[in-house]
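Residue numbers (this note's numbering), protein chains in the order written: chain V, 1 to 749; chain Y, 750 to 931. By construction, the Cβ of each residue, glycine as well, lies at the ideal position given by its N, Cα and C atoms. Computed from a predicted model, the values in this text were never measured in an experiment.
#1: Verify whether the separation of the beta carbon atoms of residue 874(Y) and residue 863(Y) is less than 8 Å.
#2: Can you list, in chain order, the residues of its chain with a C-beta nearer than 7 Å to that of residue 770(Y)? Leave out the 5 residues immediately preceding and following it.
#3: Quick one, are the C-beta atoms of residue 861(Y) and residue 909(Y) less than 8 Å apart?
#4: Kindly indicate if chain Y contains any beta-carbon less than 8 Å away from that of residue 71(V).
#5: For residue 881(Y), go through chain V and note every residue whose CB falls closer than 9 Å to its CB, in chain order.
#6: Let me see if you follow: with CB-CB separation under 8 Å, is residue 855(Y) close to chain V or not?
#7: Measuring only between beta-carbons, confirm whether residue 495(V) sits less than 8 Å from chain Y.
#8: Near residue 468(V), which residues of its chain fall below 6 Å by C-beta distance, leaving aside the five closest residues on each side in sequence?
#9: With a threshold of 8 Å between beta-carbons, can residue 917(Y) be considered close to chain V, or not?
#10: Please confirm whether residue 65(V) has its beta-carbon closer than 8 Å to some beta-carbon of chain Y.
#11: Which residue or residues does DSSP assign as beta-bridge partners of residue 816(Y)?
#12: Please name the residue, chosen from 372(V), 353(V) and 336(V), that lies closest to residue 461(V) on a Cα-to-Cα basis.
#13: Let's test the definition: count the other Cβ atoms within 10 Å of the Cβ of residue 291(V) and tell me whether it reaches 16, buried, or not, exposed.
#14: Does the distance from the CB of residue 651(V) to the CB of residue 623(V) come in under 8 Å?
#15: List, in order along the chain, the chain V residues whose C-beta lies closer than 8 Å to that of residue 929(Y)?
#16: Unbroken alpha helix (DSSP H) runs of length 4 or more, entirely within the segment 355 to 385 of chain V: which are they?
#17: For residue 916(Y), which residues in the same chain have their Cβ closer than 8 Å to its Cβ, ignoring the five residues on either side in sequence?
#18: What are the partner residues of residue 903(Y), as DSSP defines its beta bridges?
#19: So is residue 925(Y) in contact with chain V if we call contact Cβ pairs under 8 Å?
#20: What residues in its chain sit with their C-beta under 7 Å from that of residue 416(V), if we drop five residues either side in the sequence?
#21: Can you tell me where the alpha helix (DSSP H) with residue 805(V) in it begins and where it stops?
#22: Counting only Cβ pairs nearer than 8 Å, list the residues of chain Y close to residue 341(V).
#23: Between the Cα of residue 782(Y) and those of 893(Y), 807(Y), 808(Y) and 848(Y), spot the shortest distance and give me the residue it belongs to.
#24: Determine the direct distance from the alpha carbon of residue 489(V) to that of residue 63(V), and round the result to whole angstroms.
#25: By the 10 Å Cβ neighbour count, where 16 or more other Cβ atoms means buried, how is residue 722(V) classified, buried or exposed?
#26: Measuring alpha carbon to alpha carbon, tell me which residue in 730(V), 442(V), 401(V) and 642(V) is nearest residue 672(V).
#27: Could you confirm whether any beta carbon from chain V is found closer than 8 Å to the beta carbon of residue 920(Y)?
#28: Consider the Cβ of residue 900(Y): report whether some Cβ of chain V lies at a distance smaller than 8 Å.
#29: Taking C-beta to C-beta, are residue 72(V) and residue 56(V) nearer than 8 Å?
#30: Output, in chain order, the set of chain Y residues within a Cβ distance shorter than 7 Å of residue 105(V).
#31: Could you give the DSSP three-state label for residue 709(V): helix, strand or coil?
#32: Taking a contact to mean a Cβ-Cβ separation below 8 Å, would you say residue 90(V) touches residue 79(V) in this structure?
#33: Tell me the DSSP secondary structure of residue 29(V) in three-state form.
#34: At which residues does the beta strand (DSSP E) containing residue 779(Y) begin and terminate?
#35: Which partner residues of residue 166(V) appear in the DSSP bridge assignment?
#36: Along chain V, which residues have their Cβ under 7 Å away from the Cβ of residue 813(Y)?
Take a look at the structure:
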């Protein structure tokens, strides 16, 4: 059972003492470990309850002590006090006191929330509310034991890099024939590209130095040209093929990531910044594209070239080859060491750059505020300051690059001097000028060419590890999106509901966005089909949350929501969403025409239907006044519509959608009184015959509602008709109405 | 709630501007427990009112933790602000301090034993003023908050908070990880 952690023997022993050795454990109803000690530091404490009392035991190095033994009959209520970064379990006693049982870090809040409800139920001799392990236990990675975020089972730490690369390569499987072709082209290309120095050697040793075979010159030069053309041709073929394949792989990846983003529920988005998700679908995928188009080829071609050149050089003169290779490990080491130094500077530079552009974005979008408060000078100063920091960081980095790389280059070219020094001597002592008998001028030239050809690939290879780890990181981030499981989805055997009647029931609904702060705390209501319910309460009381739950953007943590008697979680998600319509306070219009926006939920709607909907929404008049009528382009770059106009378009959208359950979220909040009247009329037409939940701050707009739910701190404080609630002299609603009347009077003055 | 107020009708003794912060006169403020072992903090403003259970919260928990301490009633409505804890009498001050320490559970990191970072998530193994801790911060950039020069707070994947009073004090490795998001 979820409420029972395994009691350590020492703790159990102290309990036994306290109760004259009576066997406790079977009778134990709650035993939970907390993680904050008596002194407020991390420490182990136990909350234990049986049918007689609540006990708290503290485990320290010196032993176990019992701090609390509270008989159940003294308990009036049990609650969790949410603190900053931690929480406390408080017990209200019947004598009017408050006892703090124990404290726990934020991670354990869900666990002790369940404990509090269980304890209260035990004290009142009610049935213990059902608690599943998933509600209570921390989600940890089974491999490393680190806590996992709610929304993913992928532990970034434990992702196997090779597995990621393999998975990435898996995307190449549909193109395996082409991949094999690429490999063949690479081999051929590399073979061809290492040929020219051999021709040069022949030219030198057999034509130029001995002054013989003058007629060979033309042939050899022609051969060189031919090889060069062939090499380019192979490169072009391979490059085109690779571009074709890799872009198709990336396309699949990007589409998968985007499709998954569409499927994921709002809870996933709450915890992430839009920007970082955007980055995954664009930047990270681009990074992968770069790697797959250029990176893999770069790696393979370079390795083949290096191997090919070394084989040839060894065959001609193994000793000299080894000497030439001496600076190579030094170079590799230097390049790595330099990058290690520069990486810190580079990261700082990236960060400053993104800071600068972030502040630029925020100031530009807030330019009205800046001007209104005459803060231009300050913004100038701040920008200058940031810009100067970026300037310094960039020049520090650039100067580093400018210093280290010429030095490294010097070390890499040491091989050349070795060839001149050692090879030159050998050439001098080889009178026959035959490669078989020692070093020749031609072989010397060939070595020089090959050494030059080696430098680029060798330096490149030192960076490939870095490139690869960046790409695997990108791949991990993209795969994390692809692998994320939507927490809201249709269950198997979901109930199909082609037509919802609209009977909605909330049964002691509990909900919280994060684990610590309950937003809804046991709300119940039974709404008849076609009824209009007004939701009233202070901001933050939980009104919008009820709406989010009705739309099933989130699932209730406890309790249930039933539509026509079926648990909302068992209704086919498509059927549910098709029959729920939403009009929001600040309606979002997509870039496109007004008609596109109205028919967003029903793309196949006929023009007449669109116009009827707009007419009913009091939108037809102003739409026809636009020069482009229903084809008027709206959205970010489109026509500037007023708040009221946008609102009426969104109402038309809802009318055309024809939902059975309608949600109005502050639909008239941001418009003037005259427009409000028009919107009210439109809404009245929309509401008819549909179960409606409406949030409004202007309480007068809820006069048409059949009943009002007054929500206070996540609880249903009052429920009744407008007049009933108004008649309660001390009621919350009455107070709100009075308050608003006062405010309105002030406004009228 | 009216049941908290033990001297009913007392609110009319003084007409106050409801839109102005009330700074409490420290000599009139008394904080105490009604019985030993009782967790509730009682507040009496001498000659005026008494509350059975108040909450204590900092107005500037990061930038000025010792000043501007808010007293709030059971409904979490503002009663008033104490400008400086030091001005309270010894018993009230100690009680307020304990309550604040209880409310803000933000261990201060004293030593970073190990830190590893991968794909923007960091795992810390640390010593804090409240004992050893190990925590994971997912997407470091979104969960780090600069509290001033070289001072920052991280929020771990489960809502736990950790303060780093001086990010240069934990060695190069930790500095590299922390300074990137500073």
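By the coordinates alone:
#1: yes
#2: 830
#3: no
#4: no
#5: 42
#6: yes
#7: no
#8: none
#9: no
#10: no
#11: 833(Y)
#12: 336(V)
#13: buried
#14: no
#15: 347, 348 and 351
#16: 367 to 372
#17: 899, 900, 901, 923, 924, 927, 928 and 931
#18: 893(Y) and 911(Y)
#19: yes
#20: 448 and 451
#21: In the structure as shown, chain V begins at 1 and stops at 749. Residue 805(V) is therefore absent and cannot be evaluated.
#22: Chain Y residues near residue 341(V): none, gap ~12 Å exceeds 8 Å.
#23: 848(Y)
#24: 49 Å
#25: buried
#26: 642(V)
#27: no
#28: no
#29: no
#30: 854 and 909
#31: strand
#32: yes
#33: coil
#34: 778 to 781
#35: For residue 166(V), which the question treats as bridged, DSSP gives no partner whatsoever.
#36: Within chain V, no residue comes near residue 813(Y); the closest Cβ sits about 16 Å away, beyond 7 Å.
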